[in-house]
Amino acid sequence: MSSVPSLALVGRASELRTVIDVIARPPAVVQVEGEAGIGKTRLVRAALGHVPGDRVVLLGYCHQIREPFPYGPVFEALRDIAGRLPDPGALNPVTGALAGYLPELAGALPPAPPPLGDPRAERHRVFRAIRALLAAVGPAVLVIEDLHWADDGTRDLLRFLIDQPPAGLALVITYRREDHGATRASLGRAYRHHPETTSVVVPLVPLDVTDVGDLAGALLNRSDLSSGFVTRLHERTAGIPFVVEEVVRSLRDPGEPEALDRAGVPLLLREAMAERMASLSAAAVRTVHVAAVLRLPAGEQLIIAAGGDSAGLGEALRAGVLHEDSRGRYGFRHALAQQAVYDAIPGPERRSAHERVMGALAAMDSPPLVQLAFHARQAGDIESWLRHGAAAAHRAAALGDMALAIEVFEGMLDDPDLPESERGPLALQLSKFAGSGLSHQRVVRLLRHVLRDDFLSPDARAEARLHLGLLLSNQAGDTVGGRPEIKAAVEELTDQPTLAARGLACLAMPPWGTETLDQHAEWMDRAEKLVASADNPEVATAVLANRASFQMAIGAPDAFAVAATLPIADTRMSVRREAARGYANLYDSLITLGLYPEAEKIAREGRRLAAETGADYSAYIVDVSAIRMEWLTGRWAGLRERAIAMSELVADTPQIAVDVWLVLGMLALATGEWDGAARHFHAAGLDAPDSRYAPVVDAAGGGMIELHLARGALDEAVAEAERAVARLRRKGVWVWGAYLVPSAVNALAWAGRTEQAAGLVAEYAAGVADKISPAAHAALDSARGALAAAERRHADAAAHFARAREAYAVMPQPYAAARAGEGEARAMLAVGDPATGAAFAELAERYGEFGATHDAARCRRVLRDIGVEFQLPRGRRGKAAAPSPRGKATALSQRETEVARLVALGRTNKEIADVLFLSTRTVESHVATVLRKLGVRSRTQVAPPA
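This is how it looks when you write it as structure tokens:
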């Protein structure tokens, strides 16, 4: 066997320079991606060798089999920094929150602060504490290896650190791209690097033939390797550096192609490891086998308890087969080496080794259940595998780690050796957990498969059908497919009244389905009667949550009283999880009703409940609803970017994403991006209105009416209004018309259908008369104003619009207030009020502050028509232009910026003129100026202004 030095860094000169350069310019993020064995760790270690001595290097590792301990890799990296910390009195007091996580540093940290009683607040405090601790350490390089195995909490923490980086922090992460899937980024979909942070992704690819030759030559200290040998070596190793090293280490007579054949075995990694194992004693081999079976780095005590040997461990370490990590644990330098050794262990010996590992793990004070389940499965102990797996999933759920609970059950159900008799019960358990999370595709497939089989009892089949219907209706966004399953399940659950009650409570939610409000109320009453006599607090809370959601959705005066009875302080996590779902629904309805202070209070409590119970689905409902809240309350700065980021985060749950598409549509409408607005409104529910979330569909209908009116398509606007009002009338929940009815009345009135418009106003007034909805009552005044204006009762119109404007301002809905104010100003203009010019000038300015360029241009058009001068600010939020021929940089004016944005969207001059209420000739002049200032020759070269 060859004696070769450690792996040299070959073929990575460019990548190494990049990593060194970025680390030297903190705050920085370096993401090193590549397959197993490609050299990620070697590259990072080489770069760390260039880090100045005044910067501390912190190393943390993610592991393939994890127990529920969020942020573990980061805490691992922080354990050995005591010598670099100042006195506890000089540390930020918030760092005391880490004492329980870092017992090694307890004496070096300030006293632990009192508990906050709010899991989200506690989590945020831990994040702040870690940030403060890193800041106290000084300039640092934090390396997190194998992020593809990290928990979501660790990714959230790393995103927090990068979003608010301590001075001098450089974060370096390594991960396998193939373990993330095609759509999952290393730091999660929501990661967007901070504009002041240097960020780079360094992908590593296999070495080419030349680099393989250089690497082999460096390992063998030879420069005369034949091209035939190098080519053969490249073919057999696929250019993966780690495999190249292991193959070269195994060669007894390297140098010529025949040497590869004389090795006697295929020269892949497992054969290379077998050669190295052959030189070890029996005790060392036995110890290495234990380490391979354990899969994770382990301490000496556990290795010995599982059948290893102290002397054998020392021998394996000296031979370089095993390695010691920074925490004093022993394992393989690379997962490929572990797998190669493991696969070489004879089957009976592997099973016995897993049994010994099970015994050693079970004897621990706190047995790691996920690992026990894994080893039981590998030992062929199906009974223990099922027992430990179920216990691991339930423990994870009890700790609020629903993602791990779902992962455990999905892994068991994917196993082809799972007994058929266990498949149905496990699928049912998984579906219960999945109802609180975002994962649903695989669960839906499993449940459909289970329902096709005949081994389920009638009761179990009905329960499976119910869970399938709930997942389809909620996470999957398929109410057309889900609601029939729920209805069928309710009829089959005659002997399980509590489950039937859960199904009826779901059907009773008014926003879903095409049934009337009376039908929903009947289902709600049946659910309450069924659960009244049952002793099942979880289902009772589920039904109560839906009753509170029902009352709030329709704006019932008693809604808050019902919501106050939800058991948010119950000690049972399953009960609080249902309360979290109820609070998410309440928050969404309060936004629709226009009760924003109350909504914020409910949102805070809902986020707390969702965080502490692991209710991801409920948490995302709150987060997505908050996007709509920001749009309504006028917090438009950066809203488009936040909405797009959120849409990527919930791409697999279309029912949650409808709020995002609605907001993107409304923002596009306000800026004159007609095609984008139409596309977003359809995605918000107009593509399939009978199977989408009705309040959002109604609002999207209102937006589409406004879009048709803005385009001058009156017939299309009237047709859209009639369709949308018919849906609203059929359901009978008139408070949802707050963002539809004024637009519908406007369209009908413009078309000369004032009698039909008047009937709609009267019907809407009766429908919202006794409801707790400031938004609906303000919308009623707006609708009355539109009707009065169409009937040329301009003084009445001005009064109605003024009341609407004041009501919107109080909520607050500042954009809606401006729209009502515009209606008021037009009515004032019709009666010759001299203050009209000032009113339109103020409105144009207000719209401009929102970025609502189309609305602002509409008001400026009125000012031109009535002869009032209005000077646009020059250079405001303008885009820097290319230097002029004299070398002096210019900037786009506000009007030129508006034109440039529409040019970048591909709009023609006529389309731009329609959006900005300008003549085509004026637009032509502005386009020419934009091209000149930007230093480009073609419209296609114009980028959207920043």
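Start counting the sequence shown at 578; every next residue gets the next number (the numbering used here). Every residue gets a Cβ at the ideal spot worked out from N, C-alpha and C, and that includes glycine.
Check: For PRO843, does the count of other Cβ atoms within 10 angstroms reach 16, so buried, or fall short, so exposed?
Finding: Its pLDDT being 36, under 50, PRO843 is placed unreliably by the model, and the measurement read from it follows with that caveat. Counting Cβ neighbours within 10 Å, PRO843 comes out exposed, since fewer than 16 surround it.
Checklist line | Cβ-Cβ separation, LEU796 to VAL825 (assumed contact under 8 angstroms), whole Å | finding: 5 angstroms
Notebook entry, point to check: How is GLN608 classed by DSSP in three states: helix, strand or coil?
Noted result: strand
Margin query: I believe MET935 touches GLY966 by the beta-carbon criterion, under 8 angstroms. Please report the beta-carbon distance rounded to the nearest angstrom.
Written below: Between GLY966 and MET935 the Cβ distance is about 13 angstroms, and since that is not below 8 angstroms, they are no contact.
Next item on the list: Would you grab the beta carbon distance between GLY884 and ARG933 for me? Rounded to a whole angstrom, and I think it's under 8 angstroms.
Entry: 5 angstroms
Item checked: Among VAL1310, ARG702, ALA1352 and GLY1329, the one whose alpha carbon lies nearest that of GLU1340 -> VAL1310
Item checked: ALA780 - partner residues in DSSP beta bridges -> It should be noted that the sequence gives Pro, not Ala, for residue 780. Answer is GLU610.
Notebook entry, point to check: Distance, Cα to Cα, ALA1578 vs GLY1171?
Noted result: The requested residue 1578 is not part of the displayed model; the chain covers only 578 to 1523.
Check: Which residue's Cα is closest to the Cα of VAL1507: LEU1216, GLU1473 and ALA709?
Finding: GLU1473
Margin query: Taking DSSP's pairing of strands, which residues face ALA747 in a bridge?
Written below: ALA605 and VAL718
Notebook entry, point to check: DSSP state of VAL633, grouped into three classes?
Noted result: strand
Notebook entry, point to check: Grouping DSSP H, G and I as helix and E and B as strand, with all else coil, what is TYR1270?
Noted result: coil
Check: Distance, Cα to Cα, GLU1177 vs ALA1037?
Finding: 40 angstroms
Check: Three-state secondary structure (DSSP) at ALA1429?
Finding: coil
Checklist line | GLY1414 versus PRO1088: straight-line alpha-carbon distance, rounded | finding: 43 angstroms
Checklist line | GLU1368 - containing alpha helix (DSSP H), residue span | finding: Run containing GLU1368: none; DSSP gives neither H nor E here.
Next item on the list: With a 10 Å radius around its C-beta and 16 neighbouring C-beta atoms as the bar for buried, classify ASN798 as buried or exposed.
Entry: exposed
Note to self: Using a Cβ-Cβ cutoff of less than 8 angstroms, which residues in the same chain neighbour GLU1040 once the five nearest sequence positions on both sides are dropped?
What the structure shows: LEU1005, ALA1066, LEU1070, GLN1073 and LEU1076
Checklist line | DSSP-derived helix/strand/coil call for TYR678 | finding: coil
Margin query: Please report the distance separating the alpha-carbon of ALA950 from that of ASN1113.
Written below: 30 angstroms
Check: In or out: ASP728 buried (at least 16 other Cβ within 10 Å) or exposed?
Finding: buried
Next item on the list: Under 7 angstroms Cβ to Cβ from ALA1335, same chain only, skipping five residues before and after it: list those, please.
Entry: LEU1364
Next item on the list: Let me know the secondary structure DSSP gives ALA550 once reduced to three states.
Entry: The chain is shown only over 578 to 1523; residue 550 falls outside these bounds and no answer can be derived.
Next item on the list: Identify whether PRO843 lies in helix, strand or coil by the three-state DSSP scheme.
Entry: Note on PRO843: pLDDT 36, under 50, position unreliable in the model; the coordinate value appears next. Coil.
Checklist line | Beta carbon of MET1277 nearer than 8 angstroms to that of ALA1265 | finding: For clarity, residue 1277 is Ala in the given sequence; the question names Met instead. Against a cut-off of 8 angstroms, the Cβ pair of ALA1265 and ALA1277 comes out as no contact.
Margin query: Going by DSSP in three states, HIS900 sits in which element: helix, strand or coil?
Written below: strand
Margin query: Between the alpha carbons of ALA1434 and ASP1165, how many angstroms are there, rounded?
Written below: 33 angstroms
Next item on the list: Would you kindly work out how many angstroms separate the C-alpha atoms of VAL1439 and ASP1347, rounded to a whole number?
Entry: 38 angstroms
Checklist line | C-alpha gap between PHE986 and ARG1000, whole angstroms | finding: 10 angstroms
Check: Among the residues of its own chain, which have a CB less than 6 angstroms from the CB of ASN1162, if the five just before and after it don't count?
Finding: SER1126
Item checked: Cβ shell of MET1405 (< 6 angstroms), same chain only, five flanking positions each side left out -> ALA1375 and THR1413
Notebook entry, point to check: With a Cβ-Cβ cutoff of 8 angstroms, do ALA1192 and ARG1219 count as a contact?
Noted result: no
Note to self: Please report the distance separating the alpha-carbon of LEU735 from that of PRO743.
What the structure shows: 12 angstroms
Checklist line | Terminal residues of the alpha helix (DSSP H) in which THR731 lies | finding: 729 to 740
Item checked: alpha helix (DSSP H) segments (min. 4 residues) lying fully within the segment 1252 to 1319 -> 1271 to 1287 and 1291 to 1308
Notebook entry, point to check: In its own chain, which residues sit with a C-beta less than 7 angstroms from the C-beta of GLU812, not counting the 5 before and 5 after it?
Noted result: none
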